[in-house]
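Trainee:
2 protein chains.
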Amino acid sequence: MNDALTRPVAAVIMAGGKGERFWPKSRTHCPKQFLSLSGDGETMIQKTFRRLKGLVAPENVYVVTNADYMTLVQEQLPEIPEENLLREPAARNTAPCIALAAAVIAKRCGDAVMLVLPADHLIRHEDLCIDVLSRAIAAADAGDNLVTIGITPSYPETGYGYIEFSRSQSAPTGVYQVDCFREKPDLETARSYVESGKFLWNSGMFAWRTAVYLDAVKEHLPAVAEITGRLQSVCDTPDFQRVLQEEFPKMPSVSVDYGVLEHASRLFTIPGNFGWDDVGSWPALQRVAKTDTNGNYRNGDVLTIGTKNCIFAGSDKLIAAIGLEDIIVVDTADALLVCAKDAAQNVKKVTEMLREQGRGELL
Amino acid sequence: MNDALTRPVAAVIMAGGKGERFWPKSRTHCPKQFLSLSGDGETMIQKTFRRLKGLVAPENVYVVTNADYMTLVQEQLPEIPEENLLREPAARNTAPCIALAAAVIAKRCGDAVMLVLPADHLIRHEDLCIDVLSRAIAAADAGDNLVTIGITPSYPETGYGYIEFSRSQSAPTGVYQVDCFREKPDLETARSYVESGKFLWNSGMFAWRTAVYLDAVKEHLPAVAEITGRLQSVCDTPDFQRVLQEEFPKMPSVSVDYGVLEHASRLFTIPGNFGWDDVGSWPALQRVAKTDTNGNYRNGDVLTIGTKNCIFAGSDKLIAAIGLEDIIVVDTADALLVCAKDAAQNVKKVTEMLREQGRGELL
């Protein structure tokens, strides 16, 4: 809580994801962000909330998530006031999600700085992350700036979006101008991005003032702005839940990057390098969690012979692995996944097949 | 039941194996021979018994096995008279096992022909097998012959012993002289065996008269013969179980091939080719059981994407496999095995490790 700031600071944790790429541990009734995938007993959303301590007061932390997950959030984050838990009646991607939070925060705290954070990322060097977030808050507080946290890329990842950035005359030290957003590249393009030194990973973490974001939405997503205005007008009245239920699903489904930031001016980035990972699929665990001397990530009762660079997520039950390389094994009570690491993107196909087969109990 | 035979015919099913290479399905309390590894609901010992129908009357079928498995045998083969179930108080390999059975059969039926069959092999063409066994019985009935069933090798298997054979003046058509037994060869040697046309796989199935076998044991394994004589003298008396308990463990542990057949004269083989497999380890299932169009053996609720030549042995629980090749997945309530097919020989290492770790409940 930085005394030099002129405005209050709120944080919005976006926790509406389904985490299907982490099936079968991540399930419809308890997706990825509510699991301790790293195996230390602390769930991803709990880690996200804990990291904010010292930066944002608990009463200023908001969670936006699917109505079905309210109980999970209350159980895992009892410190957050119930009125700060915002229910999305339907998933409408990040632009409407952040607009809803911005409207509620603006109503309660005025033109506060809001930090926007996904609930399901892992960060190895938490102190370094906090430093970058503090500077993002300061940069957002200082002007009409939309600030995104960029990550210095450590390898040519093809699963992330990239930010092209350059030095800016008007920005303070360590803050850069965003020139362009780039969709997930192919490997060759990713390599050229990394080599150029001109690109950052798009982390999905942002800081801006509520008024700055709501103005940008009004300019670039008027349909979202209109409904957001209606929601704001009934915020903290008995009508709020009903209007939210009726109006929110009418919003278009659009991401903040595509719908707002790509068209916005005064867009800045603060590059950080703090062991960030969006933990997008099972292979990510090998990057972000502790592995044995053979590079195996082990969660559960695992016995290995001649096995390397594998990922084991089990439970009390013994998993015996022999002669495996680059294999993912995830065991749960009612479903077992065995998957080649380079085919992990097809985990989603399994969930699609199960849905088609009417086997929703396994989702 | 061939009317042309001069002697009664008995069959001995050897069912004392531990089947550790089929862990974790095969367990100390219920090893391989009592499981339906092929997934059709009929266990391996039930298949072995059923194949004998038409060849040997049920009252002439004997089972020799570990005392612990008596209940399993009674449950799975209720047609066999209880007095034909012979309990080995300790495992002493095949020579003493067959000697015990020969002594009991000789006491009850005199110089009968006895067929000796392992309980845990699979045979694809059962009618062809029956034909070969009939001819083996006839050859055993016709003289002082030790007859072994050889299998025309279809590929250079390194997991089997081989029989070198040649034409014999004294034997009837289709019966050949055994020149030599060969231990499990390396791949190059196995290839030369198969190419030469002079070698057969040693199937572990035999036929001979009780007197011929007991004479051979007397000559080559006098210590076994002496104890066998003592057991025979009390057979079908109230003392039998006690004497068996005391005396049988004193026998040396020795296989019939190494202890008797390698030294015997009048040793013949009948070559057969009836889709025989000793199902020595998990990869064998792909050879002997039905596979899908991608060569996957599937037992249980299995969903595959881009997966070929794998072996899945599960249960009611869903197994989702993605991008796998040549992988074995065996799921049970308390242990899961995931193993590269070419490392399947190390399944035994897992059971050894569990024994060392005092985790006998998983064996």
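From first to last, the protein sequence lines are chains A and B.
For the first sequence, the positions run 1 to 363 when my numbering is used.
For the second sequence, the positions run 364 to 726 when my numbering is used.
C-beta atoms are modelled at their ideal positions from N, C-alpha and C, and glycine is treated no differently.
Quick test of the definition: if touching needs 3 or more C-beta pairs under 8 Å, does the segment 116-128 of chain A touch the segment 204-211 of chain A?
Mentor: Yes, the segment 116-128 of chain A touches the segment 204-211 of chain A.
Trainee: Jot down the residue ranges of each uninterrupted alpha helix (DSSP H) in the segment 405-482 of chain B, minimum 4 residues, whole runs only, in chain order.
Mentor: Whole alpha helix (DSSP H) segments, 4+ residues: 407-414, 433-439 and 457-472.
Trainee: Just verifying my parser: in three-state terms, what is the DSSP assignment at L324 (chain A)?
Mentor: In the structure shown, L324 (chain A) sits in coil (DSSP, three-state: anything other than H, G, I, E or B).
Trainee: Can the beta-carbon of L37 (chain A) be found closer than 9 Å to that of A321 (chain A)?
Mentor: It is not a contact, given that the beta carbons lie outside the stated cut-off.
Trainee: Which residue comes first and which comes last in the alpha helix (DSSP H) that contains Y660 (chain B)?
Mentor: Segment Y660 to I668 is the beta strand (DSSP E) holding Y660 (chain B); no alpha helix (DSSP H) there.
Trainee: For P78 (chain A), tell me which candidate among A:A284, A:V63 and A:R87 has the shortest Cα-Cα distance.
Mentor: Nearest of A:A284, A:V63 and A:R87 to P78 (chain A), Cα basis: A:V63.
Trainee: Which of the three DSSP states, helix, strand or coil, is assigned to K250 (chain A)?
Mentor: In this structure, K250 (chain A) counts as helix in the three-state DSSP scheme.
Trainee: Just how far apart, CA to CA, sit E356 (chain A) and L187 (chain A)?
Mentor: About 32 Å.
Trainee: Between which two residues does the beta strand (DSSP E) harbouring D179 (chain A) extend?
Mentor: Residues Y176 to R182.
Trainee: For the alpha helix (DSSP H) containing R230 (chain A), name the first residue and the last one.
Mentor: Its alpha helix (DSSP H) spans residues P222 to V234.
Trainee: Does the Cβ of R390 (chain B) have 16 or more other Cβ atoms within 10 Å, making it buried, or fewer, making it exposed?
Mentor: Classification of R390 (chain B): buried, given that the 10 Å Cβ count is 16 or more.
Trainee: Taking only beta-carbon atoms, is G306 (chain A) less than 9 Å away from chain B?
Mentor: Closer than 9 Å: yes.
Trainee: Does DSSP classify L133 (chain A) as helix, strand or coil?
Mentor: DSSP places L133 (chain A) in helix when its eight states are reduced to three.
Trainee: Among A:L72, A:P156 and A:F240, which residue has its Cα nearest to the Cα of L100 (chain A)?
Mentor: Answer by Cα proximity: A:F240.
Trainee: Can you list the residues of chain A that I682 (chain B) reaches, using a CB-CB cut of under 9 Å?
Mentor: Simply A335, L336, L337 and V338.
Trainee: Since I believe V538 (chain B) is in contact with A502 (chain B) (beta carbons under 8 Å), could you give me their beta-carbon distance rounded to a whole number of angstroms?
Mentor: Sure, about 5 Å apart at Cβ, within 8 Å.
Trainee: Taking the alpha-carbon of V642 (chain B) as reference, which of B:L699, B:P585, B:Q708 and B:G635 has the nearest alpha-carbon?
Mentor: Among B:L699, B:P585, B:Q708 and B:G635, the Cα nearest to that of V642 (chain B) belongs to B:Q708.
Trainee: With H, G and I counted as helix, E and B as strand and the rest as coil, what does DSSP make of T148 (chain A)?
Mentor: Correct three-state label for T148 (chain A): strand.
Trainee: So I327 (chain A) contacts chain B; which residues on that side make the cut at Cβ distance below 8 Å?
Mentor: The answer, in chain order, is L687, I690 and V701.
Trainee: At what residues does the alpha helix (DSSP H) containing R629 (chain B) begin and finish?
Mentor: R629 (chain B) -> no alpha helix (DSSP H), and no H or E assigned at all.
Trainee: Consult DSSP for V260 (chain A) and reduce its assignment to one of helix, strand or coil.
Mentor: V260 (chain A) falls in the coil class under three-state DSSP.
Trainee: At 9 Å on the CB atoms, spell out the chain A contacts of A499 (chain B), in chain order.
Mentor: Here the premise fails: no neighbours, minimum Cβ distance about 38 Å.
Trainee: As a quick exercise: from A:L214, A:M14 and A:W276, pick the residue whose alpha carbon is nearest that of T152 (chain A).
Mentor: Per the Cα distances, A:W276.
Trainee: Within 9 Å of any Cβ in chain B, is that where the Cβ of D342 (chain A) sits?
Mentor: Yes, its Cβ sits closer than 9 Å to a Cβ of chain B.
Trainee: Since L717 (chain B) is in the beta strand (DSSP E), which residue starts that stretch and which ends it?
Mentor: First-last for L717 (chain B): V710 to E719, but that is the alpha helix (DSSP H), not the beta strand (DSSP E).
Trainee: Measuring alpha carbon to alpha carbon, tell me which of B:T695, B:L681 and B:A454 ends up nearest K317 (chain A).
Mentor: Of the listed residues, the one whose Cα sits closest to K317 (chain A) is B:T695.
Trainee: Would you mind reading off the limits of the alpha helix (DSSP H) that contains Y155 (chain A)?
Mentor: Y155 (chain A) -> no alpha helix (DSSP H), and no H or E assigned at all.
Trainee: Taking all protein chains shown into account, decide if S497 (chain B) is buried (16 or more other Cβ within 10 angstroms of its Cβ) or exposed.
Mentor: Label assigned to S497 (chain B): buried.
Trainee: D331 (chain A) touches chain B at which residues, Cβ-Cβ below 7 Å?
Mentor: Chain B residues near D331 (chain A): L699.
Trainee: Across the segment 443-453 of chain B and the segment 583-590 of chain B, are there enough close Cβ pairs to call them in contact, namely three or more that are closer than 8 Å?
Mentor: The answer is no - the segment 583-590 of chain B does not touch the segment 443-453 of chain B, with fewer than three Cβ pairs under 8 Å.
Trainee: Alpha carbon to alpha carbon, how far is R545 (chain B) from E625 (chain B)? Give it in angstroms, no decimals.
Mentor: So the two alpha carbons sit approximately 10 Å from each other.
Trainee: Rounded to the nearest angstrom, what separates N309 (chain A) and V329 (chain A) at their Cα positions?
Mentor: Those two C-alpha atoms are separated by around 12 Å.
Trainee: How far does the beta strand (DSSP E) with R287 (chain A) in it extend, from its first residue to its last?
Mentor: Premise fails: R287 (chain A) lies in the alpha helix (DSSP H), A284 to V288, not in any beta strand (DSSP E).
Trainee: Apply the 10 Å Cβ neighbour rule to Y518 (chain B) and answer buried if 16 or more other Cβ atoms are within range, or exposed otherwise.
Mentor: It counts as exposed.
Trainee: Check whether chain A comes within 9 Å of N659 (chain B), counting only Cβ atoms and requiring the distance to be less than that.
Mentor: Not an interface residue.
Trainee: Do A11 (chain A) and V73 (chain A) have their C-beta atoms within less than 9 Å of each other?
Mentor: No.
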